[in-house]
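Step one of this worksheet: look at the structure below.
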Amino acid sequence: MKNRFLVSATISSSVAMTATVVSTLCHSPASAQSTPSAPAAAPAADDDLFQSFGGRAGLTALTDDFVERLTVDKRTAPFFESVDKAHLKSQLTDQLCELSGGPCHLVGPSMKKVHASLDIGKRDFNALVEVLQDAMDAKGIPFSVQNRMLAKLAPLNREIISR
Ligand code: HEM
Numbered sequence: 387m388k389n390r391f392l393v394s395a396t397i398s399s400s401v402a403m404t405a406t407v408v409s410t411l412c413h414s415p416a417s418a419q420s421t422p423s424a425p426a427a428a429p430a431a432d433d434d435l436f437q438s439f440g441g442r443a444g445l446t447a448l449t450d451d452f453v454e455r456l457t458v459d460k461r462t463a464p465f466f467e468s469v470d471k472a473h474l475k476s477q478l479t480d481q482l483c484e485l486s487g488g489p490c491h492l493v494g495p496s497m498k499k500v501h502a503s504l505d506i507g508k509r510d511f512n513a514l515v516e517v518l519q520d521a522m523d524a525k526g527i528p529f530s531v532q533n534r535m536l537a538k539l540a541p542l543n544r545e546i547i548s549r
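Here the numbering used here is used: position 37 in the sequence shown is 423, and no number is missing along the way.
This is how it looks when you write it as structure tokens:
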């Protein structure tokens, strides 16, 4: 619970941040199915966070579990009833890859556009963050590493919360 409080504090403080979010799809240069519009990105100068998540393989395993949890958690499941899970997993993996400094390049619709019609509130956003924390806990990701990723995600609330 103490950990949860600290994370909540991180998220809450980040809510106040002004952020310009460029959130689109990204494809790993290692993927043979990268779209033509997604040229391989050069590795970021600092990919320490990406490496801390076990690189692309680690993030793929994490998002696989994360999305499964989202579809069963009673708070978030209604949002994901008719969603293409494989597509969502792939997109989330790409997004976390880029945010963590991995060799990804985002291409696609903005987070605002993707979530605009979903009527997402702050409570829904926080529920998703908690589900992500549980997924990261299950993978044994250290708390400090979790918080670094959450700090990257928190500013997105401005694009995602619509009520
Ligand atoms: C930091 C928070 C979030 C991030 C990083 C995030 C990221 C994403 C990404 C990358 C996609 C795929 C976009 C695409 O298909 O091109 C997506 C789709 C989606 N997200 Fe989020 N999301 C977040 C919060 C939420 C929340 C709070 C909800 C609802 C509780 C939600 C519900 C959905 C749904 C239902 C879709 C599928 C939309 C569709 O296929 O039409 N997301 N999200």
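Ideal Cβ positions, reconstructed from N, Cα and C, are used throughout, including at glycine.
Alpha carbons only, please: which of Asn543, Leu456 and Leu482 is nearest the one belonging to Asp470?
Ranking the options by Cα distance to Asp470, first place goes to Leu456.
Nearest CA to the CA of Gln532: which residue from Ser486, Arg549, Asp459 and Lys460?
With distances taken between CA atoms, Gln532 lies nearest to Ser486 out of Ser486, Arg549, Asp459 and Lys460.
Go ahead and pull the three-state DSSP assignment for Val469.
Annotated three-state conformation of Val469 is coil, per DSSP.
Looking at the ligand HEM, does it come within less than 6 Å of Asp450, judged from the CB to the closest heavy atom?
False, no ligand heavy atom lies under 6 Å from that Cβ.
Starting from Phe529 and walking both ways along the alpha helix (DSSP H), at which residues does that stretch end?
Phe529 to Leu539 is the span of the alpha helix (DSSP H), which, as asked, contains Phe529.
Contact check, Leu514 vs Cys483 under 8 Å by CB: the rounded distance?
Actually they do not touch by this definition, with Cβ atoms about 18 Å apart.
Let me know the secondary structure DSSP gives Phe452 once reduced to three states.
Reduced to three states, the DSSP call for Phe452 is helix.
DSSP three-state label for Ser420, please.
Residue placement at Ser420 cannot be trusted, given a pLDDT of 33 that sits under 50; what the coordinates show is reported in the next sentence. In the three-state DSSP reduction, Ser420 falls in the coil class, being neither helix nor strand.
Buried or exposed: which applies to Ala472, given that a residue is buried once 16 or more other Cβ atoms fall within 10 Å of its Cβ?
Exposed.
If we cut at 7 Å on Cβ distances, does Asp459 have a partner in chain B?
The chain labelled as chain B is not found in the depicted structure, where only one protein chain is given.
Indicate, with yes or no, if the ligand HEM has a heavy atom lying under 6 Å from the CB of Asp510.
Within 6 Å of the C-beta of Asp510 there is at least one heavy atom belonging to the ligand HEM.
Residues near Ala447 in its chain [Cβ-Cβ closer than 8 Å; skip 5 each side]
Apart from sequence neighbours up to five positions away, the residues of its chain that approach Ala447 with a beta-carbon distance below 8 Å are Gly440 and Lys525, ordered along the chain.
Could you check where the alpha helix (DSSP H) with Leu435 kicks off and where it finishes?
Per DSSP, Leu435 belongs to the alpha helix (DSSP H) from Asp434 to Ser438.
Measuring from the CB of Gln477, is there a heavy atom of the ligand HEM at a distance below 6 Å?
Indeed, a heavy atom of the ligand HEM lies less than 6 Å from the Cβ.
Secondary structure of Gly441, DSSP reduced to three states
The answer is helix: DSSP assigns Gly441 an H, G or I state.
Can you list, in chain order, the residues of its chain whose CB lies under 6 Å from that of Asn512, leaving out five sequence neighbours each side?
None.
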